[in-house]
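Chemist:
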Amino acid sequence: MQKSIILKTLIQGGKVSLAVIDSTSAVQEAATRHGFSAVAAAAFGRTFTAVAYLCSWLKGENSSLAVTVNGGGPGGKICIAGDSGLRMRGFVENPSVGLPPRADGKLDVGGFVGKDGTLTVVSDEGTGLPFTGTSQLVSGEIAEDFSAYFLTSEQRPTAIALGVKVKDGTILGAGGLFLQPLPGAGEEAVSFCEEEIGKFGRLSSLIAEKGAKGVLRMLTDGPYDAREVLFRCHCSKKRAESAILSLGKRDAYALLREQGRICVHCHYCNTDHTFTKEDIERLFGEET
Ligand SMILES: [Zn+2]
3 MQKSIILKTL IQGGKVSLAV IDSTSAVQEA ATRHGFSAVA AAAFGRTFTA VAYLCSWLKG
63 ENSSLAVTVN GGGPGGKICI AGDSGLRMRG FVENPSVGLP PRADGKLDVG GFVGKDGTLT
123 VVSDEGTGLP FTGTSQLVSG EIAEDFSAYF LTSEQRPTAI ALGVKVKDGT ILGAGGLFLQ
183 PLPGAGEEAV SFCEEEIGKF GRLSSLIAEK GAKGVLRMLT DGPYDAREVL FRCHCSKKRA
243 ESAILSLGKR DAYALLREQG RICVHCHYCN TDHTFTKEDI ERLFGEET
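Note that the numbering used here has the sequence shown beginning at 3, numbered continuously upward.
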């Protein structure tokens with residue numbers, strides 16, 4: 003499968019920033035790890051793609067951000083984190099919950115996510131002083147919710163199309179299109195973005211057919227920047243050791259006796275880091 007990528011360029015005489023993301027392979031990896039229902043895959047994939055776009059604006063090697071969409075729907079929270087290297091990870095609270103499709107046959111992402119709640123972005127530009135931005139959810143359909151976030155929290159009108167096409171657990175196409183007028187670009191640029199985005203109602207099919215470059219070429223013939231987007235968690239058994247160490251020797255041995263081993267679960271990539279008796283002895287020394 004093709005790598006997931008983000009393509010970025012300026013159009014409209016430099017007044018509008020255009021980004022196209024093909025996140026198909028990254029969303030597939032998340033779906034395989036988490037065992038998503040179709041609607042969970044769509045909700046996750048749309049959110050993942052929008053967060054990858056946010057991460058593409060991060061400056062500095064150590065900057066990162068985390069997004070929580072909490073709409074009160076049956077799917078629970080969606081949490082996605084990423085860094086300036088576009089290494090992304092995340093999960094859906096209730097990944098196996100399914101819903102019947104909407105009357106128009108589309109997956110009911112709004113029903114799964116809910117709309118009584120907030121979208122929260124916590125970004126850390128590597129300074130250790132995180133910035134938190136929050137906006138109210140509009141529909142739980144994700145694209146509109148991120149548009150509202152950009153407008154209210156960053157004062158940047160942004161036209162967004164997001165799509166995920168799923169069949170029998172396979173992600174056939176996932177991606178996003180983002181049109182953002184540069185500061186001071188004027189009303190004309192804003193209307194241009196709103197009109198253009200209306201033409202991309204079937205984005206997941208377009209991504210599946212043409213890829214990110216083909217979609218970008220529908221809007222410009224010019225040069226563009228390309229970067230890879232990865233589903234990659236930064237957890238490891240080494241990092242999980244600190245959770246074990248924080249238990250303290252007595253509690254760690256008590257837990258070991260109770261369960262025969264100790265598991266540290268990473269929600270972001272659905273991985274268990276397992277510690278055996280030998281591991282615990284290595285960390286704390288033998289039980290006394
Ligand atoms: Zn992990």
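Ideal placement from N, C-alpha and C gives every residue a C-beta, glycine not left out.
Give the DSSP-derived three-state secondary structure of residue 202 in the structure shown.
Modeler: Here residue 202 sits in coil by DSSP.
Chemist: To the nearest angstrom, report how far apart residue 260 and residue 279 are at their CA atoms.
Modeler: Each residue's Cα considered, the two are about 12 Å apart.
Chemist: Along the chain, where does the alpha helix (DSSP H) that runs through residue 91 open and close?
Modeler: Careful: residue 91 lies outside any alpha helix (DSSP H), inside the beta strand (DSSP E) at 89-94.
Chemist: Can you tell me where the alpha helix (DSSP H) holding residue 31 begins and where it ends?
Modeler: From DSSP, the alpha helix (DSSP H) with residue 31 extends over 26-36.
Chemist: At which residues does the alpha helix (DSSP H) containing residue 112 begin and terminate?
Modeler: Per DSSP, residue 112 belongs to the alpha helix (DSSP H) from 111-115.
Chemist: Looking at the unbroken beta strand (DSSP E) that takes in residue 264, where does it start and where does it end?
Modeler: Start and end: 264-268.
Chemist: Is the separation between the beta-carbon of residue 175 and that of residue 169 shorter than 8 Å?
Modeler: Contact: no.
Chemist: Excluding sequence positions up to five away, which residues of its chain have a Cβ less than 8 Å from the Cβ of residue 90?
Modeler: So the list reads 28, 50, 53, 54, 57, 82, 83, 84, 231, 232, 233 and 234, once near-sequence residues are dropped.
Chemist: Is the segment 117-124 touching the segment 142-158 in the sense that three or more CB pairs, one from each, lie closer than 8 Å?
Modeler: Enough Cβ pairs lie closer than 8 Å, so yes.
Chemist: Does residue 182 come out as helix, strand or coil in the three-state DSSP assignment?
Modeler: In this structure, residue 182 counts as strand in the three-state DSSP scheme.
Chemist: According to DSSP, is residue 16 helix, strand or coil?
Modeler: Residue 16: coil per DSSP, three-state reduction.
Chemist: Three-state secondary structure (DSSP) at residue 144?
Modeler: DSSP places residue 144 in coil when its eight states are reduced to three.
Chemist: Determine the direct distance from the alpha carbon of residue 44 to that of residue 72, and round the result to whole angstroms.
Modeler: Going by the C-alpha atoms only, they are around 16 Å apart.
Chemist: Decide if residue 30 is buried, meaning its Cβ has at least 16 other Cβ atoms within 10 Å, or exposed.
Modeler: Under this definition residue 30 is a buried residue.
Chemist: Quick one: give me the first and last residue of the beta strand (DSSP E) that residue 161 is part of.
Modeler: Where residue 161 is concerned, the enclosing beta strand (DSSP E) stretches over 161-169.
Chemist: Return yes when at least one heavy atom of ligand 1 lies under 7 Å from the C-beta of residue 270, else no.
Modeler: Checking every heavy atom of ligand 1 against the Cβ of residue 270, one is found closer than 7 Å.
Chemist: With burial defined as no fewer than 16 other Cβ atoms inside 10 Å of the residue's Cβ, what is the status of residue 98: buried or exposed?
Modeler: Its Cβ having fewer than 16 others within 10 Å, residue 98 is exposed.
Chemist: Closest to residue 177 by CA distance: which of 191, 186 and 203 is it?
Modeler: Selected option, being the one with the closest Cα: 203.
Chemist: In this structure, does DSSP put residue 65 in helix, strand or coil?
Modeler: Coil at residue 65, not helix or strand.
Chemist: Let me check one thing: in DSSP terms, what residues is residue 60 bridge-paired to?
Modeler: Per DSSP, none; premise fails for residue 60.
Chemist: Let me check you understand the geometry: is the CB of residue 34 closer than 7 Å to at least one non-hydrogen atom of ligand 2?
Modeler: Only ligand 1 can be found as ligands here, which leaves ligand 2 out of the picture.
Chemist: Taking residue 228 as part of the alpha helix (DSSP H), name the residues at either end of that continuous run.
Modeler: Premise fails: residue 228 lies in the beta strand (DSSP E), 227-233, not in any alpha helix (DSSP H).
Chemist: Considering Cα atoms alone, identify which of 269, 200 and 42 is closest to residue 101.
Modeler: Residue 42 is the option with its Cα nearest to residue 101.
Chemist: Tell me the DSSP secondary structure of residue 99 in three-state form.
Modeler: Note: residue 99 maps to coil in three-state DSSP.
Chemist: Just grab the DSSP bridge partners of residue 9 for me.
Modeler: In DSSP, residue 9 forms a bridge with 22 and 228.
Chemist: According to DSSP, residue 275 sits in a beta bridge with which residue or residues?
Modeler: Paired residues: 266.
Chemist: Would the C-beta of residue 91 count as close to ligand 1, meaning under 7 Å from any of its heavy atoms?
Modeler: Answer for residue 91: yes, Cβ within range of ligand 1.
Chemist: So what's residue 126 in DSSP terms, helix, strand or just coil?
Modeler: In the structure shown, residue 126 sits in a strand (DSSP, three-state: E or B).
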